[in-house]
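**Student:** Chains as they are written, first to last, in my numbering: chain A, 3 to 215; chain B, 3 to 215; chain C, 3 to 215; chain D, 3 to 215.
Number of protein chains: 4
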Amino acid sequence: MASIGSLTGIATTKEMPTTRRGLRTREALVKAARVVFERDGFLNARLVDITAEATCSIGTFYTYFEGKEEVFAAVIEAARHDMLHPGMPHVPEDEGPAAVIEASNRAYLVAYKRNAKLMKLMQQVAMIDPRFEEVRARSARAFGERNARRIKELQDRGLADPTVDPELAARALSLMVSRLAFECFALEEGPRDLEEIVAVCTRLWVNGLNLSA
Amino acid sequence: MASIGSLTGIATTKEMPTTRRGLRTREALVKAARVVFERDGFLNARLVDITAEATCSIGTFYTYFEGKEEVFAAVIEAARHDMLHPGMPHVPEDEGPAAVIEASNRAYLVAYKRNAKLMKLMQQVAMIDPRFEEVRARSARAFGERNARRIKELQDRGLADPTVDPELAARALSLMVSRLAFECFALEEGPRDLEEIVAVCTRLWVNGLNLSA
Amino acid sequence: MASIGSLTGIATTKEMPTTRRGLRTREALVKAARVVFERDGFLNARLVDITAEATCSIGTFYTYFEGKEEVFAAVIEAARHDMLHPGMPHVPEDEGPAAVIEASNRAYLVAYKRNAKLMKLMQQVAMIDPRFEEVRARSARAFGERNARRIKELQDRGLADPTVDPELAARALSLMVSRLAFECFALEEGPRDLEEIVAVCTRLWVNGLNLSA
Amino acid sequence: MASIGSLTGIATTKEMPTTRRGLRTREALVKAARVVFERDGFLNARLVDITAEATCSIGTFYTYFEGKEEVFAAVIEAARHDMLHPGMPHVPEDEGPAAVIEASNRAYLVAYKRNAKLMKLMQQVAMIDPRFEEVRARSARAFGERNARRIKELQDRGLADPTVDPELAARALSLMVSRLAFECFALEEGPRDLEEIVAVCTRLWVNGLNLSA
DNA sequence: TATGAATGAGGCTTCATTCAT
DNA sequence: CATGAATGAAGCCTCATTCAT
């Protein structure tokens, strides 16, 4: 069982290729892996399928990766910017906290929708391999903590219901959004209209925290 | 690939045993399967482990089940009453909708906590086998629809925020509760104190729907 | 591996049932076995299928037979009269040897056609189990020897080509008829019209032996 | 159930190896398979025996074949030239049709005797697997048709009995030869002296078609 | 006689991983 | 760096046969 990539902080044996050709091959493998994983799922994806998609040999695969888990880590790594940190959109703070929440939710949901298949895959792998569950949990935790800080701030400013526990509320509401995104976009169960989902999520955040302003 | 049990409505080849002895053996296998699945996960669970746990032979296993999937279906089936429909607790309607929601959430979370490992397993299998995903989705849908009806009723009675879409809100809030339960009880990430979670969930439902009026 | 039935002369452990009920059950099993064997082939036929067809239990099967081979032997045994000794038809000897040959061929082919599926089965089993090959060979030998005697007689009477070896010619011509029957009736490759086949076989026998008379 | 080789025209998943080493290994497997099949029969032959005979691993087997059936197809394929179309020997046409028939029969029987075990195997497999029965039938059909054309030609030239149906007679006489070959060489029942068999077969063909004229 | 649950040996197959070229 | 043939551990599953009821 290979250790997984840099995303988890676990050191890997394989280093990044130095030559241009090597970089190109590695990149092709990561791209191919994403295609195959999204098409067949993590478990059904075979290394031969990935190398076939990348038009290289199995041997070449092992030049760059230690195994399935590690390419998967590389796939996640390659998508993380787009996926995990959708980049806070330009929201004038002076439009009020509701606007910030709405913008934040929209940004998250847009990114989620764009990477829906990968997110589904990530969920699958997280349920299979505890190391990826840890990756998922860490990223969720970071997201939750940021939201918790925001909520606490709003409470301190007297703008939010002071009776809710900021950490737990942030977690609950974040899970609400991410899970709804998962079901609607990844599983394709339910409405796929983005704005509809943004609206509900935002309303439930705003109401839930009693953002009176 | 075997078809899965009656839970899904899909017919299975193997019939229920008619004799007392057969019934006992089948039951032992289901119980053993639950133990092994919860301990090793669905993928790592081997049939030999299950039959060893049930102290019978592999052949006997195949007398009652067509494969791993089918025992798993039987495990779920055996736990469904306790798990999926925790039974509405006796809540005096006259204590108001908030009390009903709280009782409902508590009942759900209590049942979830009791079956936490199985719920985790179900999530895992649902991510692996689409037939079980369908089972999970169906049960979630039923739960969501029931809540949607309640919300609509409250809206009609002027007790809930009329601007939220009942279906989507019900879904979002249900997912919030179930996912929080999943993380806290199944993954054991976060607080495991039941009442704390009940409180937050209830508060967010109540606030979210603006039931304060 | 059980020994096979009386047809082969090999003694079997199981004796014929003494009670009326036992006889009925045994008969039902033999009948069912023929149905299942003809439908699924010897290899694919499972004992459960046979007992299901006979509406009795596996245990009952072993009351009467020692295994698959033995029921098969019983099936053959039950069909042998019709199959192996089609009974010499009433052919006035004075119509000449050609008429005798024709009548003989017709009788054989009629019986073959009637039991085509069983004959195919017998071929299959003979290729699988040497003991049944021995059964088949013995019966073919008997047939061949009878024909050889006839040929020799015709040669002695100056009616047949004296240059052919009676044994080998009898064998060759017998094989010709039986194999043609096999292909046309059992495999259903080629013409299934009985008289057409009778005509060709007879003509080739008559010409082949130069039955000038 | 794997599809069988190119002999049948059915496409196979596994491609021919490109490297020299691969070619050698595949060849070793085919050769080993023939040995094991001929020794143990198709049903008793285990893949381990074949790979042991070829001194390679089971995994290697699956690099080249999809299963037992497919190696068997390859074995047949490898032997087909020698077996199925023994190549018309150089027979001066002017020696008359009888000489052609004799030469043809001898060529066939010589080839048959050389591959007797394989022919027996082929018969066995044909009785077990309909796809191989189809292969056998096709090859027999081709042989029969060729002979039918010959007979018709002889009839047209007034050299053969015009009352026999060319197709059916060709089939009957071909079956006679092939079946006699099968019994004498494959089953080793009866005379194994080639010339004796050639003589009888030729005599019965010649007489049967009345080529004496 | 009849039943049918229990048995378990042993074949088949997959695919991540290695390594000689 | 690239190749792809070779490996073999590891699980699944079948079904004839037994035997206690």
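We put the CB at the ideal spot given by N, CA and C, even for glycine.
So, does the CB of N209(B) fall closer than 8 angstroms to a CB anywhere in chain A?
**Tutor:** For the purposes of this step, residue 209(B) is identified with residue 207 of the second sequence, where counting begins at 1. Yes, contact with chain A.
**Student:** Mind checking if P193(B) is an interface residue toward chain A, Cβ cutoff 8 angstroms exclusive?
**Tutor:** Here residue 193(B) corresponds to residue number 191 of the second sequence, with the count starting at 1. Yes, because at least one Cβ of chain A sits closer than 8 angstroms to the Cβ of P193(B).
**Student:** Quick one: is L18(B) buried, meaning 16 or more other Cβ sit within 10 Å of its Cβ, or exposed?
**Tutor:** Counting from 1 along the second sequence, the entry for residue 18(B) is found at position 16. Inspection of the sequence shows that residue 18(B) is occupied by Met rather than by Leu. M18(B) comes out exposed.
**Student:** Using a 10 Å radius around the Cβ and a threshold of 16 neighbouring Cβ atoms, would you call Y64(A) buried or exposed?
**Tutor:** Position 62 of the first sequence holds residue 64(A). Answer is exposed; the Cβ neighbour count stays below 16.
**Student:** Tell me, please, whether the stretch 103–123 of chain D touches the stretch 199–213 of chain D by the rule of three or more beta-carbon pairs shorter than 8 angstroms.
**Tutor:** yes
**Student:** Does the beta-carbon distance from L170(A) to P193(B) come in below 8 angstroms?
**Tutor:** Here residue 170(A) is taken as the residue at index 168 of the first sequence, counted from 1. Here residue 193(B) is taken as the residue at index 191 of the second sequence, counted from 1. Contact flag set, yes.
**Student:** Count the C-beta pairs between the stretch 25–43 of chain D and the stretch 55–62 of chain D that are closer than 8 angstroms, then say yes if the count reaches three, no if not.
**Tutor:** yes
**Student:** Of all Cβ atoms in chain C, is any one closer than 8 angstroms to the Cβ of R22(D)?
**Tutor:** Taking the fourth sequence and counting its residues from 1, one reaches residue 22(D) at position 20. No - not a single Cβ of chain C is within 8 angstroms of the one on R22(D).
**Student:** With a threshold of 8 angstroms between beta-carbons, can C203(D) be considered close to chain C, or not?
**Tutor:** As a first step, residue 203(D) is located in the fourth sequence; it is residue number 201 there, counting from the start. Yes, C203(D) lies at the interface with chain C (some Cβ there is under 8 angstroms from its Cβ).
**Student:** Please return the same chain residues whose Cβ sits closer than 7 angstroms to the Cβ of L49(C), not counting the five positions on each side in sequence.
**Tutor:** In the third sequence, residue 49(C) corresponds to position 47, counting from 1. These residues qualify, in order along the chain: I60, F63 and K70.
**Student:** Excluding the 5 residues flanking A172(C) on each side, which residues of the same chain have their C-beta closer than 6 angstroms to its C-beta?
**Tutor:** Your numbering for residue 172(C) matches position 170 in the third sequence. Cβ neighbours of A172(C) beyond the five flanking positions: G146, N149, A150 and I153.
**Student:** For a quick check, are the C-beta atoms of T14(C) and E72(C) less than 8 angstroms apart?
**Tutor:** As a working note, residue 14(C) is residue 12 in the third sequence. As a working note, residue 72(C) is residue 70 in the third sequence. Cβ distance < 8 angstroms, so T14(C) and E72(C) count as in contact.
**Student:** For A4(B), which of helix, strand or coil comes out of DSSP?
**Tutor:** In the second sequence, the residue the question calls residue 4(B) occupies position 2. Since pLDDT at A4(B) reaches only 43, below the 50 mark, its modelled position is unreliable, and no value is offered.
**Student:** Alpha carbon to alpha carbon, how far is D84(A) from V179(B)? Give it in angstroms, no decimals.
**Tutor:** Within the second sequence, the letter at position 177 stands for residue 179(B). Within the first sequence, the letter at position 82 stands for residue 84(A). So the two alpha carbons sit approximately 28 angstroms from each other.
**Student:** Rounded to the nearest angstrom, how far is the Cβ of I199(C) from that of L111(C), given a contact under 8 angstroms?
**Tutor:** For this step, residue 199(C) is matched to residue 197 along the third sequence. For this step, residue 111(C) is matched to residue 109 along the third sequence. Indeed, because the Cβ distance is near 6 angstroms, the residues count as touching under 8 angstroms.
**Student:** Looking only at its chain, what residues have a beta carbon closer than 7 angstroms to the beta carbon of Q126(C), apart from the 5 residues adjacent to it on each side?
**Tutor:** Numbered from 1 along the third sequence, position 124 holds the residue referred to as residue 126(C). G43 and F44, listed in sequence order.
**Student:** Taking all protein chains shown into account, do 16 or more other C-beta atoms lie within 10 angstroms of the C-beta of N117(B), making it buried, or fewer, making it exposed?
**Tutor:** Taking the second sequence and counting its residues from 1, the one referred to as residue 117(B) is at position 115. Flag for N117(B) reads buried.
**Student:** For the stretch 47–74 of chain D, which segments carrying the alpha helix (DSSP H) assignment without a break, of at least 4 residues, lie completely within its bounds, in sequence order?
**Tutor:** With a minimum length of 4 residues, the continuous alpha helix (DSSP H) runs that stay inside the stretch 47–74 of chain D are 49–55 and 60–66.
**Student:** With A162(D) and L123(D) assumed to form a contact (beta carbons below 8 angstroms), what rounded beta-carbon distance in angstroms separates them?
**Tutor:** The residue labelled residue 162(D) in the question sits at position 160 within the fourth sequence. The residue labelled residue 123(D) in the question sits at position 121 within the fourth sequence. A162(D) to L123(D), Cβ: 35 angstroms. No contact.
**Student:** I want to see whether chain B comes within less than 8 angstroms of D84(A), judged by CB atoms only; does it?
**Tutor:** One-based indexing of the first sequence puts residue 84(A) at position 82. With 8 angstroms as the cut-off, D84(A) does not count as an interface residue toward chain B.
**Student:** Determine the extent of the alpha helix (DSSP H) in which L129(B) is found, giving its start and end residues.
**Tutor:** Position 127 of the second sequence, counted from the start, is the residue given in the question as residue 129(B). Reading the sequence as shown, one finds Met at residue 129(B) and not Leu. First-last of the alpha helix (DSSP H) with M129(B): A118 to I130.
**Student:** What separation, rounded to the nearest whole angstrom, lies between the Cα atoms of K16(C) and Y66(C)?
**Tutor:** By one-based count along the third sequence, residue 16(C) stands at place 14. By one-based count along the third sequence, residue 66(C) stands at place 64. So the two alpha carbons sit approximately 6 angstroms from each other.
**Student:** Closer than 8 angstroms, CB to CB, is N117(D) near chain C or not?
**Tutor:** Against the fourth sequence, residue 117(D) aligns to sequence position 115. Chain C, which has no Cβ nearer than 8 angstroms to the Cβ of N117(D), makes this no.
**Student:** Assign P99(D) to one of three DSSP states: helix, strand, or coil.
**Tutor:** Within the fourth sequence, numbered from 1, the residue matching residue 99(D) stands at position 97. Collapsing the DSSP output to three states places P99(D) in a helix.
**Student:** How would you label L25(B), buried or exposed, when you count the other beta carbons within 10 angstroms and need 16 or more for buried?
**Tutor:** Position 23 of the second sequence, counted from the first residue, corresponds to residue 25(B). Around the beta-carbon of L25(B), fewer than 16 other beta-carbon atoms lie within 10 Å, marking it exposed.
**Student:** Check for me: the alpha helix (DSSP H) holding T165(A) runs from which residue to which?
**Tutor:** Position 163 of the first sequence, counted from the first residue, corresponds to residue 165(A). Bounds of any alpha helix (DSSP H) do not take in T165(A), whose DSSP letter is neither H nor E.
**Student:** Can you name, in chain order, every residue of its own chain whose Cβ lies under 8 angstroms from the Cβ of M3(A), other than the five neighbours on each side?
**Tutor:** Your numbering for residue 3(A) matches position 1 in the first sequence. The predicted position of M3(A) is uncertain, since its pLDDT is 43 and thus under 50; a value taken from the coordinates is nonetheless stated next. For M3(A), where only same-chain residues beyond five positions count, the Cβ hits under 8 angstroms are G69 and E71.
**Student:** Give the secondary structure of S214(C) by DSSP, where H, G and I count as helix, E and B as strand, and everything else as coil.
**Tutor:** Locating residue 214(C) in the third sequence gives position 212, counting from the first residue. In the structure shown, S214(C) sits in coil (DSSP, three-state: anything other than H, G, I, E or B).
**Student:** Which chain C residues sit within Cβ distance under 9 angstroms of V166(D)?
**Tutor:** In the fourth sequence, counting from the first residue as 1, residue 166(D) sits at position 164. V166(D) reaches chain C at A201, V202, R205, L206 and N209, counting residues in chain order whose Cβ is nearer than 9 angstroms.
**Student:** Suppose contacts are defined by Cβ-Cβ distances below 8 angstroms. Is A30(B) in contact with F39(B) by that definition?
**Tutor:** Position 28 of the second sequence, counting from 1, holds the residue named residue 30(B). Position 37 of the second sequence, counting from 1, holds the residue named residue 39(B). No, the Cβ-Cβ distance between A30(B) and F39(B) is not below 8 angstroms.
**Student:** E191(D) and A139(C) - do their beta-carbons sit closer together than 8 angstroms?
**Tutor:** The residue given as residue 139(C) occupies position 137 in the third sequence. The residue given as residue 191(D) occupies position 189 in the fourth sequence. In contact: A139(C) and E191(D) (Cβ atoms closer than 8 angstroms).
**Student:** Quick one: grab the DSSP three-state call for T204(C).
**Tutor:** Position 202 of the third sequence, counting from 1, holds the residue named residue 204(C). Three-state DSSP puts T204(C) in a helix.
**Student:** Have a look at E197(A) and A75(A) and give me their C-alpha separation to the nearest angstrom.
**Tutor:** Locating residue 197(A) in the first sequence gives position 195, where the first residue counts as 1. Locating residue 75(A) in the first sequence gives position 73, where the first residue counts as 1. Across the structure, E197(A) and A75(A) are spaced so that their CA atoms are roughly 31 angstroms apart.
**Student:** Just the chain C side, please: which residues come within less than 8 angstroms of N212(D) by C-beta, in chain order?
**Tutor:** Working through the fourth sequence from its first residue, we reach residue 212(D) at position 210. N209, listed in chain order.
**Student:** Can you tell which of V77(D), L213(D) and E97(D) has its C-alpha closest to the C-alpha of R159(D)?
**Tutor:** Taking the fourth sequence and counting its residues from 1, the one referred to as residue 159(D) is at position 157. The option with the nearest alpha carbon to R159(D) is L213(D).
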